[in-house]
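What follows is a set of notes on a single structure, which appears directly below.
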Amino acid sequence: MKPLIGITIEAEFDAANDRSNGKLILNWNYADQVAEAGGNPILITPMTDLEWAAKAIDGWLIPGGADMDASHFGEENHPKVEPMNPKRWEMENTMYGLVDPEMPVLGICFGCQFINVKRGGSLIQHLPDVVSHEEHSGGTMQAYELVGASKLSSFAGTARVEGKSYHHQAINRVGGGLEVVAKHDDGTIEAVEDPSKSFFVGVQWHPERTPDDFATQNLFRAFVRAAEAYSRTKP
């Protein structure tokens, strides 16, 4: 049986916060890459029974999204911050408290930032203030150096990857138990992992946007393999 990969998805309301015009949004590529890697993707919404979902799934993919409200790491919002819908944050936060700590987790963009903040880390709220350019946003293809001895490097099968970036926030203070395992040439932290877990990885770029890339395919396959192994031993 294919491992069940839960993907938490974006909630979007209009300016009046009118739920009758709300949408649940997920880029096709997330689920497609999970399926291509041999997983069985299911979408988790703010209305899903999260206790059931946390027990049912074998792996958790936390996708990209809007900005994180800085109050979650003890700061005031930068003027450029556009916080995500609170329903999305509540869902992710609740799921984090429910999933087994040994469950394989892959965080992408916001997902990477989320696991860092949940481990006590913080974010650079507007990256251009620090690096003096905007090359990390708008889908720019960039190169990232991976730490050679890291699990991420082993999963990806290479020490240097290329990916598309769509972010203006990034990790600042690294959360507890996490190690920096990829950086951009400008010093921006591009990936973290918990080396004590079978698969607990956050990447700042969007590997789902480069489906034909060797490292992308390897990363998703490693994630699904870890979920499959977990499914045989989970409580």
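Using my numbering, you'd call the opening residue of the sequence shown number 12 and step up by one each time.
Ideal Cβ positions, reconstructed from N, Cα and C, are used throughout, including at glycine.
Given a cut-off of 8 Å, decide if residue j and residue i are closer than it, judged by their beta-carbon atoms.
i, j, result
"residue 158", "residue 116", "no"
"residue 20", "residue 37", "yes"
"residue 247", "residue 119", "Here the chain covers residues 12 to 246 and nothing more, so residue 247 does not appear."
"residue 137", "residue 179", "yes"
"residue 141", "residue 135", "yes"
"residue 156", "residue 171", "yes"
"residue 22", "residue 99", "yes"
"residue 123", "residue 188", "no"
"residue 241", "residue 209", "yes"
"residue 58", "residue 78", "no"
"residue 12", "residue 61", "no"
"residue 56", "residue 35", "yes"
Using DSSP's beta-bridge definition, name the partner residues of residue i.
i, result
"residue 217", "175"
"residue 185", "In the DSSP output, where bridge partners are listed per residue, residue 185 has none listed."
"residue 34", "23"
"residue 211", "116"
"residue 191", "203"
"residue 153", "174"
"residue 71", "17, 116"
"residue 53", "17"
"residue 197", "According to DSSP, which records beta bridges pairwise, residue 197 is partnered with nothing at all."
Looking only at C-alpha atoms, which of the options sits nearest to residue i?
i, options, result
"residue 215", "102, 91, 126, 239", "126"
"residue 154", "173, 94, 37", "173"
"residue 69", "152, 39, 111, 164", "111"
"residue 164", "233, 240, 187, 244", "233"
"residue 67", "197, 80, 106", "106"
"residue 198", "139, 226, 121", "139"
"residue 186", "176, 205, 175, 201", "205"
"residue 132", "82, 59, 217, 61", "82"
"residue 168", "219, 230, 207, 181", "230"
"residue 243", "93, 80, 113, 156", "113"
"residue 49", "150, 236, 202", "236"
"residue 224", "184, 175, 61, 188", "175"
"residue 39", "18, 240, 96, 62", "18"
"residue 90", "84, 97, 80", "80"
"residue 222", "184, 32, 44, 14", "44"
Give a single yes or no on whether residue i has its beta carbon closer than 7 Å to a heavy atom of the ligand ADP.
i, result
"residue 240", "The ligand ADP is absent from the structure shown, which contains no ligands of any kind."
What whole-angstrom Cβ distance do residue i and residue j have, given they're in contact under 8 Å?
i, j, result
"residue 46", "residue 109", "Between residue 109 and residue 46 the Cβ distance is about 24 Å, and since that is not below 8 Å, they are no contact."
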